[in-house]
Amino acid sequence: VLGHRARQEETEREFAALAAEAQDAVSRRMATYVDALRSGASFVMATPALSVTSWQTFAGSLDLANRYPGINGIGVIFPVARRETERPPSERPDRAIISYIAPTEGNEAARGLDVYSEAERRRAAEESRDRGTAQLSGRIALVQDLRQQPGFLLFHPVYQHGASIANVDERRAAFLGWVYAPLVAARFLEGVLGRGADRI
38 VLGHRARQEE TEREFAALAA EAQDAVSRRM ATYVDALRSG ASFVMATPAL SVTSWQTFAG
98 SLDLANRYPG INGIGVIFPV ARRETERPPS ERPDRAIISY IAPTEGNEAA RGLDVYSEAE
158 RRRAAEESRD RGTAQLSGRI ALVQDLRQQP GFLLFHPVYQ HGASIANVDE RRAAFLGWVY
218 APLVAARFLE GVLGRGADRI
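What the sequence shown shows, in my numbering, is residues 38 to 237, in sequence order.
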């Protein structure tokens, strides 16, 4: 009995150490993803005539597959106001459309998606807009993942260049949209932990 208990305690200690290492690795990787989205937000602010071609060029410069393993792509989401005949124009937009995403291959189903049409996507997007920081959604199924594995979205807000964003009201007034990244959880963890994922 004592031998079994000692082995169990050793296993628990090993797992705790592995879990702590994994948490640190995930935190570091998420920080690099946020940096990529921040650079995307800067690109959107600096490119008034944003186009599919210019976004593809920018995304290609990031070398996503090699420098950001586990990320499915990087895209831009714009809020779309309802027509004045549909609702009072003073009310906030209630659609947020994925307008650009790269690479195109494998992400075709995402383009044109209204992220406000699902509660968890909308919650994370609006929190990102109001807080002025990157925000991770809870667990969702990505439309571009045919296997429908657990996934999530990382949002980063984009504001008008030079605008004051000191509080929520100012951030909402200066808000232009989001740069975002879709991630499949299993692929993300494999990219972060490598063989350590199997050990855990």
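Heads up, the beta-carbon is just placed ideally off N, CA and C, and yes, glycines get one too.
Original post:
Expressed to the nearest angstrom, what Euclidean distance is found between the alpha-carbon atoms of Asp167 and Val205?
Top reply: 5 Å
Original post:
Would Ala218 pass as a contact of Ile108 if the rule is Cβ separation under 7 Å?
Top reply: yes
Subject >> Check whether Ile191 and Tyr70 have beta carbons under 7 Å apart >> reply: Note that residue 191 corresponds to Leu in the displayed sequence, not to Ile. Cβ distance < 7 Å, so Leu191 and Tyr70 count as in contact.
**OP:** Would you mind giving the Cβ-Cβ distance between His290 and Met67, rounded to the nearest angstrom? I have them listed as a contact below 8 Å.
**Re:** In the structure as shown, the chain starts at 38 and stops at 237, and residue 290 therefore has no counterpart that could be examined.
Original post:
Which residues share a DSSP beta bridge with Ile134?
Top reply: Phe115 and Asp151
Original post:
What is the rounded straight-line gap between the Cα of Ile111 and the Cα of Ala139?
Top reply: 6 Å
Subject >> Ala139 - DSSP class collapsed to helix/strand/coil >> reply: strand
**OP:** Consult DSSP for Tyr105 and reduce its assignment to one of helix, strand or coil.
**Re:** coil
Original post:
So what's His198 in DSSP terms, helix, strand or just coil?
Top reply: coil
Original post:
Would the beta-carbon of Ser136 fall within 7 Å of that of Val117?
Top reply: no
**OP:** State the Cα-Cα distance for the pair Arg184 and Ser201, rounded to the nearest angstrom.
**Re:** 43 Å
Original post:
Short check: CB of Leu99 to CB of Ala62, under 7 Å?
Top reply: no
**OP:** Could you check the C-alpha separation between Ala162 and Leu150 for me, to the nearest Å?
**Re:** 14 Å
**OP:** Inspect the beta-carbon positions of Ala211 and Gln181 and report whether they are closer than 7 Å.
**Re:** no
**OP:** To the nearest angstrom, report how far apart Gly214 and Val229 are at their CA atoms.
**Re:** 28 Å
Original post:
Between Arg176 and the rest of its own chain, which residues show a CB-CB distance below 7 Å, the 5 nearest in sequence each way excluded?
Top reply: Pro187 and Phe189
Subject >> Status (buried if at least 16 other CB within 10 Å, exposed otherwise) for His41 >> reply: exposed
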